[in-house]
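Residue numbers (the numbering used here): 12 to 209. Report on one structure; see the data block that follows.
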């Protein structure tokens, strides 16, 4: 990564498919900010309660306490005056309203680090990620490992039969796939019990 800007805020985007390590990388950066004695505040969409309601949690079980929110505007409302670094996980679930929120935070001089999917289960751009990528100063695209052939994977293969764009789930609902092995439609017809449909 390049040297950080000085005396100015900025936006960092961590994107990729399911199981690529996005949340793990977000946690790593936020922990380093805490070690540097910076005041960190972390937010996540309330609908992502797969592992915990009040923490961001990676698939490898790393976690940090966070504030669960319904709408992106709550970030501004709940922001502490001394906050220097804002982390947002699963940013794609906060909709287009998160873009101006991130811009406002960066313009106030804060470091804003967001993580989320850049493609939906059909391999289409997942808004608002394209817009965030366009305004970010720093971008990291994480790749997973294709469960079919072992190649680098950048797609999230839904393996349950659901047509909703948003289906919150983990192993049992999605697999990481490469471009060659990705099939845009579900291949199974059963949903695991821990799957949350929206």
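Beta carbons are placed, not taken as given, at the ideal position from N, Cα and C, and that holds for glycine.
For residue 155, three-class secondary structure by DSSP: Within the chain shown, the letter at position 144 stands for residue 155. The answer is strand: DSSP assigns residue 155 an E or B state.
Beta carbon of residue 49 nearer than 8 Å to that of residue 95: Numbered from 1 along the chain shown, position 38 holds the residue referred to as residue 49. Numbered from 1 along the chain shown, position 84 holds the residue referred to as residue 95. Result yes, Cβ atoms of residue 49 and residue 95 sit closer than 8 Å.
Start-to-end residues for the alpha helix (DSSP H) that takes in residue 143: Looking up residue 143 in the chain shown gives position 132. Per DSSP, residue 143 belongs to the alpha helix (DSSP H) from 140-146.
Contained beta strand (DSSP E) runs [length at least 3] in the stretch 41-92, N- to C-terminal order: 51-56, 66-68, 74-76 and 78-80
CA-to-CA distance, residue 73 to residue 34, given in whole angstroms: Reading the chain shown from its first residue, position 23 is the one you call residue 34. Reading the chain shown from its first residue, position 62 is the one you call residue 73. When rounded, the distance between both Cα atoms is 9 Å.
CA-to-CA distance, residue 51 to residue 116, given in whole angstroms: Start at 1 with the first residue of the chain shown, and residue 116 comes out as number 105. Start at 1 with the first residue of the chain shown, and residue 51 comes out as number 40. Cα-Cα distance, rounded: 13 Å.
Distance between residue 109 and residue 83 (C-alpha atoms, nearest Å): Your numbering for residue 83 matches position 72 in the chain shown. Your numbering for residue 109 matches position 98 in the chain shown. Each residue's alpha carbon lies about 5 Å from the other.
Distance, residue 127 Cα to residue 170 Cα: Along the chain shown, read from residue 1 onward, the residue named residue 170 stands at position 159. Along the chain shown, read from residue 1 onward, the residue named residue 127 stands at position 116. If I take the Cα positions, the gap works out to 20 Å.
Range of the contiguous alpha helix (DSSP H) that encloses residue 118: Here residue 118 is taken as the residue at index 107 of the chain shown, counted from 1. Its alpha helix (DSSP H) spans residues 109-118.
Short Cβ contact (8 Å threshold) for residue 167 with residue 29: The sequence position of residue 167 within the chain shown is 156, counting from 1. The sequence position of residue 29 within the chain shown is 18, counting from 1. Cβ atoms of residue 167 and residue 29: closer than 8 Å.
Buried versus exposed, by CB contacts within 10 Å (16 or more), residue 123: Your numbering for residue 123 matches position 112 in the chain shown. Under this definition residue 123 is a buried residue.
Straight-line Cα distance separating residue 118 from residue 20: Against the chain shown, residue 20 aligns to sequence position 9. Against the chain shown, residue 118 aligns to sequence position 107. So the alpha carbons of these two residues sit roughly 6 Å apart.
Coarse secondary structure for residue 178, derived from DSSP in three states: The sequence position of residue 178 within the chain shown is 167, counting from 1. Three-state DSSP puts residue 178 in a strand.
Cα-Cα separation between residue 67 and residue 135, rounded to whole angstroms: Numbered from its first residue, the chain shown carries residue 67 at position 56. Numbered from its first residue, the chain shown carries residue 135 at position 124. Cα-Cα distance, rounded: 25 Å.
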